[in-house]
Amino acid sequence: MERKTIFFLIPLILAWLKINAQYFGDNDNYADDFVNGDGDDDDDDDDEQSNRSEPELISIQNQIVSKDSRFRVWNNNQKQWFLHIKQTKSSDKGFYMCQINTEPLISRSAFLDILIAPSIDYNATSTDVSVDERTRLSIRCRANGHPKPSVIWRREDNKDINLGLYGGKRYSAKKVDGEFLNITQVTRDDMGAYLCIASNSVPPIRPKIKVTNQLIGSTIGSDVRLECRCEASPRPKASWIRYDGEMIANDPNKYIISVEHESYRSKMRLTILNLDEKDFGSYKCVDRMIINNNNNSNSNILIRGKN
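Take a look at the structure:
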């Protein structure tokens, strides 16, 4: 049986746009239209612009007229105006324009590009596979991101990857570029774990995990729910670890693990059913995409009995 291990980078992007009115005198642009960019996290299109059909008015002076609460506008003097966008997302990509209502109109535009770190599209990526010897194998690892990520394959044991027979000669390589890994004639030596590594120029930022309630009191026989919050992109892979080091698995009769996503924020929950005495103790919420979860000291939750 052949397995794949997926690696990718995690960023968190905040955007600032600055429109400086003092440049208008030397660089007058007369705008007939204004388009606000739109995009998609899973879009593989290399186009620099993905525009909405209609322009959107964000503000008049310091007054925000957009229904989007993430926008904020202010000025520090009569010549400098700032647009602040909180929690940027791919649909924010596009042109932004500052306009002075003179006759004729004077405007300056800026293009906002949203950088997105690589993430694996699990719906379009192969999982563990089993094949017969001497058959052809093709497995796929699809990655999304902007700029478009490059994908390479390596063996986990660092052995050469067997590419199969071509013209009666067997070829191999330390790494293979591209989202598809093809082996023309599989042998038993090809068994093992293969690493799919997606990368682009977006630097990684370590996810943050925190809990709001680190001490929970509950009675025997009751159900108790633990919750922690994570900020990360791509989305985290949630796990819970007991005080004895055991990783908790979903069990409809005892443990229910769920994750709720909203943009780059996630709520990871563990519900313990029919609490008994051995359930009292410390539980740790972890993201499996973080190599060393021990640094997340605030992700511990203690359950103890109450009368």
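Taking mature numbering (1 follows the signal peptide of the UniProt record, and there is no 0), I'd label the letters of the sequence shown as residues -21 to -1, 1 to 286.
We put the beta carbon where it would ideally sit given N, CA and C, even for glycine.
The DSSP-derived three-state label of tyrosine 101 is helix.
Residue pairing of arginine 204 in beta bridges, as defined by DSSP: Thr250. The three-state reading of DSSP puts serine 69 in helix, counting H, G and I together. Residue environment for threonine 191: exposed (fewer than 16 other C-beta atoms within 10 angstroms of its C-beta). With at least 16 other beta carbons inside 10 angstroms of its own, leucine 160 counts as buried. Serine 151 and alanine 122 have their C-alpha atoms spaced approximately 24 Å apart. Per DSSP, reduced to three states, the secondary structure at lysine 153 is coil, with no helix or strand assignment.
By the C-beta criterion, the segment 202 to 209 is judged not to be in contact with the segment 138 to 155, since fewer than 3 inter-stretch pairs fall below 8 Å. Boundaries for alanine 211: no beta strand (DSSP E) harbours it, and the DSSP string shows neither H nor E there.
Burial check for methionine 247: the Cβ neighbour count within 10 Å reaches 16 or more, so the residue is buried.
Glutamate 112 has no beta-bridge partner at all, per DSSP. Shortest Cα-Cα distance from proline 126 to any of Ile95, Ser88, Ser218, Pro215 involves Ile95. By the neighbour-count criterion, in which 16 or more other beta carbons inside 10 Å mark a residue as buried, serine 109 falls on the exposed side. Serine 178 and aspartate 100 have their alpha carbons spaced roughly 14 Å apart. Taking one beta carbon from each stretch, the segment 128 to 137 and the segment 60 to 73 have fewer than 3 pairs nearer than 8 Å; the two do not touch. When only Cα atoms are considered, isoleucine 227 and glutamate 239 end up about 18 Å apart.
Between isoleucine 37 and the set Leu62, Asn56, Leu249, the nearest pair of CA atoms involves Leu62. Under DSSP, arginine 283 shares a beta bridge with Gly196.
Of the residues assessed, valine 265 falls on the buried side of the cut-off, its CB having 16 or more other CB atoms within 10 angstroms. Residue pairing from DSSP leaves glutamine 40 without any beta-bridge partner. When beta bridges are read from the DSSP output, glutamine 164 appears opposite no residue.
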